[in-house]
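Number of protein chains: 2
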Amino acid sequence: MKAPTRRSNNRNDALLDAAATLFSTQGFRETTMRDIAKAAGMLPGSIYYHYGSKDDLLLAIYETGVERIIEEFSKALLSVNDPWERLRIAISAHIGAINQQTPAMRVINRVLPEHVSKHAVALSRLRDRYEKCFRELINDLPLAPHVDRSLLRLMVLGAVNHTQFWFKPTGKRTLNEIGAAFAQLLIEPIAIPLKSIITPETRDT
Amino acid sequence: MKAPTRRSNNRNDALLDAAATLFSTQGFRETTMRDIAKAAGMLPGSIYYHYGSKDDLLLAIYETGVERIIEEFSKALLSVNDPWERLRIAISAHIGAINQQTPAMRVINRVLPEHVSKHAVALSRLRDRYEKCFRELINDLPLAPHVDRSLLRLMVLGAVNHTQFWFKPTGKRTLNEIGAAFAQLLIEPIAIPLKSIITPETRDT
DNA sequence: AATTTTACCTAACAAATGTTTGTTTAAATA
DNA sequence: TATTTAAACAAACATTTGTTAGGTAAAATT
Numbered sequence: 002m003k004a005p006t007r008r009s010n011n012r013n014d015a016l017l018d019a020a021a022t023l024f025s026t027q028g029f030r031e032t033t034m035r036d037i038a039k040a041a042g043m044l045p046g047s048i049y050y051h052y053g054s055k056d057d058l059l060l061a062i063y064e065t066g067v068e069r070i071i072e073e074f075s076k077a078l079l080s081v082n083d084p085w086e087r088l089r090i091a092i093s094a095h096i097g098a099i100n101q102q103t104p105a106m107r108v109i110n111r112v113l114p115e116h117v118s119k120h121a122v123a124l125s126r127l128r129d130r131y132e133k134c135f136r137e138l139i140n141d142l143p144l145a146p147h148v149d150r151s152l153l154r155l156m157v158l159g160a161v162n163h164t165q166f167w168f169k170p171t172g173k174r175t176l177n178e179i180g181a182a183f184a185q186l187l188i189e190p191i192a193i194p195l196k197s198i199i200t201p202e203t204r205d206t
Numbered sequence: 002m003k004a005p006t007r008r009s010n011n012r013n014d015a016l017l018d019a020a021a022t023l024f025s026t027q028g029f030r031e032t033t034m035r036d037i038a039k040a041a042g043m044l045p046g047s048i049y050y051h052y053g054s055k056d057d058l059l060l061a062i063y064e065t066g067v068e069r070i071i072e073e074f075s076k077a078l079l080s081v082n083d084p085w086e087r088l089r090i091a092i093s094a095h096i097g098a099i100n101q102q103t104p105a106m107r108v109i110n111r112v113l114p115e116h117v118s119k120h121a122v123a124l125s126r127l128r129d130r131y132e133k134c135f136r137e138l139i140n141d142l143p144l145a146p147h148v149d150r151s152l153l154r155l156m157v158l159g160a161v162n163h164t165q166f167w168f169k170p171t172g173k174r175t176l177n178e179i180g181a182a183f184a185q186l187l188i189e190p191i192a193i194p195l196k197s198i199i200t201p202e203t204r205d206t
């Protein structure tokens with residue numbers, strides 16, 4: 002069966018972008034088809050020409066988002082060989098992905114598979130594709146014997162994904178700086194040597 | 002104005018528990034008043050005798066949840082003086098709080114203030130009360146000069162809150178073990194000494 | 001230019017959802 | 001025991017929400 006030829010007045014891209022923006026800011030359930038249609042400059046019934054349901058629309062956005070994230074990873078890691086440097090870059094790239102202006106990437110973190118009844122398995126599979134990148138990076142690290150690699154990965158992912166809830170573009174650090182700082186907190190000792198008691202100077206305000 | 006005397010057939014506690022359980026598993030928007038009423042063993046209209054709205058119900062649950070979390074913190078930290086030990090215990094206590102059976106504590110992490118239009122400011126204020134505990138703990142740590150304390154706190158909170166999405170009671174680690182492992186990953190160097198290249202033995206599967 | 005086909009509009013449907021209002025029941029008090 | 005009042009029931013309301021089906025406009029093809 003041949004797909005219809007797409008015409009010049011086709012607004013599928015505008016639709017995807019509008020939906021992704023709203024899903025990533027308002028959430029999936031909280032965003033109505035009327036919201037999406039309005040933002041895309043069409044009427045609600047028209048959405049069903051392009052997608053069979055609201056959940057199908059989400060799935061399409063997830064596919065786009067994951068693909069874009071993996072591209073960002075590959076590009077950033079292209080000629081980097083040192084495992085620690087690769088981890089640092091992956092952290093920064095991921096933080097960038099979920100905090101920057103491309104809504105489809107933001108949706109991956111904002112709308113979780115377990116919060117959606119239909120397509121949950123498919124969405125989880127898509128997420129696994131980029132989480133697998135982290136898994137491989139962690140596996141390549143020369144780590145001390147006490148380190149549980151899967152716990153390290155989960156800890157990193159949690160910290161990184163959490164940035165979406167607190168990062169402000171007007172804050173004092175860029176996304177890359179945050180990524181670098183996170184990597185540094187993991188790699189370099191954070192405690193000052195024992196027996197040296199100093200009043201903390203950089204208090205958390 | 003005197004509050005009505007509560008009678009023996011008052012089911013407010015059952016209502017709070019039912020709502021908290023559903024909010025923490027299904028989410029706020031996804032849970033209907035009919036769901037809640039059914040789980041509490043009453044009819045939907047009856048809920049409005051106790052709470053003016055669905056959002057008011059959420060606020061009451063948040064208040065309970067935050068209070069309980071702070072109690073857990075205080076109890077756990079009672080006679081612990083070493084800052085690193087306090088951090089380790091706080092991490093474990095918090096992981097326990099958001100993963101254990103008390104639904105009101107789970108809601109704090111599952112339903113975020115920015116996802117709810119009404120009471121968002123009040124909910125944020127309540128969250129701040131327990132986050133302040135972490136802030137104080139981080140402030141008391143003897144840290145190296147390169148460490149940004151607020152970034153460390155945000156990283157820890159992200160990692161800890163993320164456990165709610167992957168922890169399984171049937172997994173290979175208890176909540177306390179996870180908490181201890183997280184603290185260890187932060188405190189002890191994770192890299193093996195340079196110039197020592199060994200094939201990783203504990204791969205992340 | 002006529003016809004086909006894509007991509008939308010339009011109005012309505014069916015169900016869902018938070019809430020309101022009047023009524024009834026039963027716990028507590030006088 | 002009679003009365004009051006807390007706490008529920010019951011039915012309905014008003015609105016919202018995802019979706020359907022018939023129709024129209026316009027882009028593309030013949």
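If you read the protein sequences in the order shown, they are chains A and B.
Read left to right, the first sequence gives residues 2 to 206 (the numbering used here).
Read left to right, the second sequence gives residues 2 to 206 (the numbering used here).
Cβ atoms here follow ideal geometry from the backbone N, Cα and C, with glycine treated the same way.
Nothing here was measured: the structure is a model prediction, and the numbers come from that model.
Span of the alpha helix (DSSP H), counted from its first residue to its last, around residue i
i        : result
A/HIS163 : 150-167
A/ALA4   : Per DSSP, A/ALA4 belongs to no alpha helix (DSSP H) and is neither H nor E.
B/THR22  : 13-27
B/MET106 : 104-111
B/GLU64  : 55-77
B/PRO1   : The requested residue 1 of chain B does not occur in the structure, where chain B is confined to residues 2 to 206.
A/HIS51  : 48-51
B/ARG30  : Note, B/ARG30: premise wrong, no alpha helix (DSSP H); not H, not E.
For residue i: DSSP bridge partner residues
i        : result
A/ALA192 : B/LEU144
Reference residue i; option with closest CA among the options
i        : options                                   : result
B/ALA41  : B/LEU138, B/GLY53, B/THR22 and B/PHE29    : B/THR22
A/THR6   : A/LEU17, A/HIS51 and A/SER93              : A/HIS51
A/ARG126 : A/PHE166, A/ASN10 and A/GLU64             : A/GLU64
B/MET43  : B/PHE29, B/GLY28, B/THR26 and B/ASN13     : B/ASN13
B/GLU189 : A/PRO146, A/PHE168, A/LEU138 and A/TRP167 : A/PRO146
B/PRO84  : B/ALA181, B/GLU137, B/THR26 and B/LYS173  : B/GLU137
B/ILE109 : B/ILE96, B/SER25 and B/PHE168             : B/SER25
Any chain B beta carbon closer than 8 Å to residue i
i        : result
A/HIS147 : yes
A/ASN110 : no
A/ARG87  : no
A/PRO104 : no
A/GLU31  : yes
A/ASN100 : no
A/MET34  : no
A/ILE96  : no
A/LEU23  : no
A/PRO143 : yes
A/ILE48  : no
A/ALA77  : no
Contact with chain A by residue i, beta-carbon distance below 8 Å
i        : result
B/PHE183 : yes
B/LEU127 : no
B/GLU189 : yes
B/HIS116 : yes
B/ASN162 : yes
B/PRO5   : no
B/PRO170 : no
B/GLY159 : yes
B/GLY180 : no
B/ALA40  : no
B/LEU186 : yes
B/ALA20  : no
B/GLU59  : The residue you asked about is not Glu; residue 59 of chain B is Leu in the sequence shown. Answer no: the Cβ-Cβ gap between B/LEU59 and chain A never drops below 8 Å.
Inter-residue Cα distance where the pair is residue i and residue j
i        : j        : result
B/ILE90  : A/GLY159 : 19 Å
A/GLN185 : B/LEU124 : 33 Å
B/PRO104 : B/ASP18  : 7 Å
A/THR200 : B/PRO143 : For A/THR200, the pLDDT reaches just 45, beneath the cut-off of 50, and the residue's location in the model is therefore unreliable, leaving the point undetermined.
B/ILE191 : B/PRO45  : 54 Å
B/ARG35  : B/LEU58  : 14 Å
A/GLY53  : B/LYS39  : 32 Å
A/GLU73  : A/GLY28  : 24 Å
A/ILE179 : A/SER93  : 7 Å
B/ILE139 : A/HIS163 : 18 Å
B/ARG111 : A/ARG8   : 43 Å
B/SER151 : B/VAL157 : 10 Å
A/GLU68  : A/ILE99  : 13 Å
B/LEU176 : A/VAL148 : 17 Å
A/ALA4   : A/LEU60  : 19 Å
B/ARG107 : A/SER80  : 43 Å
B/PHE183 : B/LYS133 : 20 Å
A/GLY172 : B/ASN11  : 49 Å
B/LEU113 : B/ILE70  : 16 Å
B/LEU187 : B/LEU155 : 13 Å
B/ASP129 : A/THR32  : 27 Å
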